[in-house]
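Enquirer:
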Amino acid sequence: MQASDDIDPICGQGGTRAREVLDLVSDKWSLYVVAALGQGPLRFSQARRVVVGISQRMLTVTLRQLVRDGLASRTVTPTVPPQVTYALTETGHSLRLAVQPLIEWAFATVDDIDAARAAYDAQIDEQA
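My numbering runs 74 ahead of the 1-based position in the sequence shown.
1) For a quick check, are the C-beta atoms of residue 108 and residue 170 less than 7 Å apart?
2) Can you list, in chain order, the residues of its chain whose CB lies under 8 Å from that of residue 122, leaving out five sequence neighbours each side?
3) Just list the alpha helix (DSSP H) runs in the region 103–127, keeping only unbroken ones of 4 residues or longer that don't cross its boundaries, in chain order.
4) Taking only the alpha-carbon atoms, compute the straight-line gap between residue 154 and residue 116 and give it to the nearest angstrom.
5) Is it true that the CB of residue 151 sits closer than 7 Å to the CB of residue 157?
6) Identify the residues that DSSP records as bridge partners of residue 151: which are they?
Laid out in structure tokens, this is it:
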């Protein structure tokens, strides 16, 4: 057995493509937008209300990237003014299902993380 056999595949040289895919969804806003679209199709203004704190520019950039990567679809209805709706694709839904345990973990452990941070900060303050 070589030393590299003990390394998780994502960390090794062969994980480059998988890391590229993970980079698609590991930015600040992508998972929030995917979670919002997981509730059903949304117009841009609805998505902006649902994803609290996102700027218009960042929502535009994030939606554009999700559409480009095949995680979301963009449908334009020819009305006056045109109505644009975003929805998850099948791949987008599979992503949402894959990250759901991570989201649940975040909700379940946020108090533990807050306590650990407070303890660490108190320890650092005592050493200073």
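Cβ coordinates follow ideal geometry from the N, Cα and C atoms, glycine included. From a predicted model like this one, the values you see are computed outputs, not experimental measurements.
Expert: To lay it out plainly:
1) Between residue 108 and residue 170, the C-beta gap is smaller than 7 Å, which places the two residues in contact.
2) Excluding positions up to five away in sequence, the list reads 128, 130 and 133.
3) Every alpha helix (DSSP H) stretch that sits fully inside the region 103–127 and reaches 4 residues is listed by chain position as 104–111 and 118–124.
4) Their Cα atoms are separated by approximately 18 Å.
5) Closer than 7 Å, so yes.
6) The partner list for residue 151 (beta bridge, DSSP) reads 157.
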